[in-house]
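Residues 4 to 250 (this note's numbering) make up the sequence shown, in order. Data first, discussion second: the structure below is written as structure tokens.
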Amino acid sequence: MSATYDGFPAAVGVSRLRVYDWPTVDGRPGGGTPHLHLTCSEGYVVTAGRGAVQTLTTSGYRETPLEPGVVAWFTPGTIHRLVAENAEDTEAGLEITVVMQNSGLPEAGDAVLTLPQDRLTDPAVYAEAVRIPSDVPEAEQAEAARARRDLATRRFLELREATAAGDPEPLAAFQRAAAALVRPRLDGWEERWRDGAGAAAAATQRQLGALRERDGRHLAEARVAATGPAARGRFGMCGRLDVYPGI
């Protein structure tokens, strides 16, 4: 087995994001769709604009300011929502390079939107609620993305209000539903992890062992790779995405 892992460093995912400039249901000039990840930490490297990431955990609500140069991240289970200042200004919109743990898992379903509880009880019902059709004009895709964002935002605000009032059960019920919703996917997730982040960590372990034994043969396997976006402006959960193949 080769001591070298050929994928992007640490098997993380990378995308470029411009946060939606649609006004939100609670009066912000722009914002994304609240959701959480079950197994993936997420990081932001802010490259343009200003705004904040609003987060909700069992420890409470927090709003972290974002501006160019800020690096922010959070662990699985954190409900998060990006909001932008001056979102309508195309020269000042909030732009972020997003770094996701476990490349491939978010696309495989490791994200659950804060939809009403009745949309979280069945995988097929949930899938239909979050679907953005790919075979319709862009204006219709935008309408679908905005509708699901607003639906999730209303539930996020309810969860935030209940948590602030000292009632932990609504948030706990959402967490339980999210965990149950993704359970049928876990075998596939584990395979992706094994081929990605697991393989990357194992390669480092082999390299450390080889170096301890004065074996540097893996250095002869060095290689260089580069890629451009596979898609530009895709409707994501938090904004328009540029995504990269295999990252």
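C-beta: ideal position from N, C-alpha, C; glycine also. All values reported here derive from a predicted model rather than from experimental measurement.
- By the neighbour-count criterion, in which 16 or more other beta carbons inside 10 Å mark a residue as buried, threonine 58 falls on the buried side.
- Within the same chain, Leu59, Gly63, Tyr64, Leu174 come within 7 Å of threonine 166 by CB-CB distance, once the 5 residues on both sides are set aside.
- The beta-carbon separation of proline 37 and leucine 116, rounded to 7 Å, stays under the 8 Å limit for a contact.
- Residue state for alanine 114 is assigned as coil, using DSSP reduced to three classes.
- With fewer than 16 other Cβ atoms from the protein chains shown falling within 10 Å of its own Cβ, serine 137 counts as exposed.
- Around the beta-carbon of glutamate 98, 16 or more other beta-carbon atoms lie within 10 Å, marking it buried.
- Shown here for valine 28: same chain residues with a beta carbon closer than 7 Å to its own, the five before and five after excluded, namely Asp153, Thr156, Arg157 in chain order.
- Assignment of histidine 221 by DSSP, reduced to helix, strand and coil, places it in the helix class.
- Three or more Cβ pairs closer than 8 Å define a contact, and the region 70-77 falls short of that threshold against the region 177-196.
- Cβ contact annotation for alanine 181 (same chain, cutoff 6 Å, sequence separation greater than five): Val115, in chain order.
- For aspartate 125, no beta strand (DSSP E) run applies, since DSSP gives it neither H nor E.
- Per DSSP, the beta-bridge partners of histidine 83 are His38, Thr58.
- Counting C-beta pairs with one atom in each stretch, the region 217-224 and the region 117-135 have fewer than three that are closer than 8 Å, which means they do not touch.
- Each residue's CA atom was taken as its position, placing alanine 6 and alanine 87 some 43 Å apart.
- In the three-state scheme derived from DSSP, where H, G and I count as helix and E and B as strand, valine 246 is classed as strand.
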